[in-house]
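Down below is the structure, laid out as structure tokens.
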Amino acid sequence: MTNEALEQVVRANHELFMLTSDRIAQALGELRLTYATAQALWAIDPAQPAPSMRVLAERMFCNAPNLSFVVNQLTERGYVERVVDPGDRRSRVVVLTEQGRQARERVIGVTLAETPFADCDQQDLTRLAEILQRILSRTAR
-8 MTNEALEQVV RANHELFMLT SDRIAQALGE LRLTYATAQA LWAIDPAQPA
42 PSMRVLAERM FCNAPNLSFV VNQLTERGYV ERVVDPGDRR SRVVVLTEQG
92 RQARERVIGV TLAETPFADC DQQDLTRLAE ILQRILSRTA R
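Numbered according to the working numbering, the sequence shown spans residues -8 to 132.
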């Protein structure tokens, strides 16, 4: 059995990620964001309850010390605040500031505009999203 198809998928996934990263680098620089800090902003959905540090670390697939470093950078730039969790006063949650909401919107907007997927038709995007969600649901922690 050959892993050729798997290798092609993994290579294409990596190349698409790197291409998108390259295309959004200027906007991230203007916002004083790294790829990790931009990903953290994206992972904090203002339409949902503010995530705890633990939840945000899980969303970003990183450990607590790495997340603390990322959140410290976002805090220094005025994009987030660490506040006491109203549901558990022993815990802290990460909340977007207004400036953070605007930066998040810009990161998402630029990424969606610059990704190679933007040129795909709706049917291909729907099929690809279904496949990716199926894979993610099988590998969820």
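Glycine residues also receive a C-beta, built at the ideal position from the N, C-alpha and C atoms.
- If you look at ARG118, you'll find it in the alpha helix (DSSP H) that goes 113 to 130.
- The beta carbon of PRO107 is closer than 8 Å to those of LEU7, LEU10, THR11 in its chain, skipping five residues each way along the sequence.
- Residue pairing of VAL101 in beta bridges, as defined by DSSP: absent, with no partner found.
- In the structure shown, ARG2 adopts helical secondary structure according to DSSP, grouped into three states.
- Annotation: ARG81 to VAL75 spans about 7 Å, alpha carbon to alpha carbon.
- LEU87 is the residue among LEU123, LEU87, VAL101 whose C-alpha sits nearest the C-alpha of ILE35.
- For ARG23, the secondary structure class from DSSP, reduced to helix, strand or coil, is coil.
- Following the DSSP letters along the chain, one finds SER59 inside the alpha helix (DSSP H) bounded by residues 55 to 67.
- Within the same chain, ARG68 come within 7 Å of ARG23 by CB-CB distance, once the 5 residues on both sides are set aside.
- Taking a contact to require three or more Cβ pairs closer than 8 Å, the stretch 54 to 68 and the stretch 101 to 120 do not qualify as touching.
- Between the C-alpha atoms of GLN114 and VAL98 there is a straight-line separation of about 25 Å.
- At the C-beta level, MET44 and LEU32 stay beyond 8 Å of one another.
- Bounds of any alpha helix (DSSP H) do not take in ALA109, whose DSSP letter is neither H nor E.
- Secondary structure of ASP13 (DSSP, three-state): helix.
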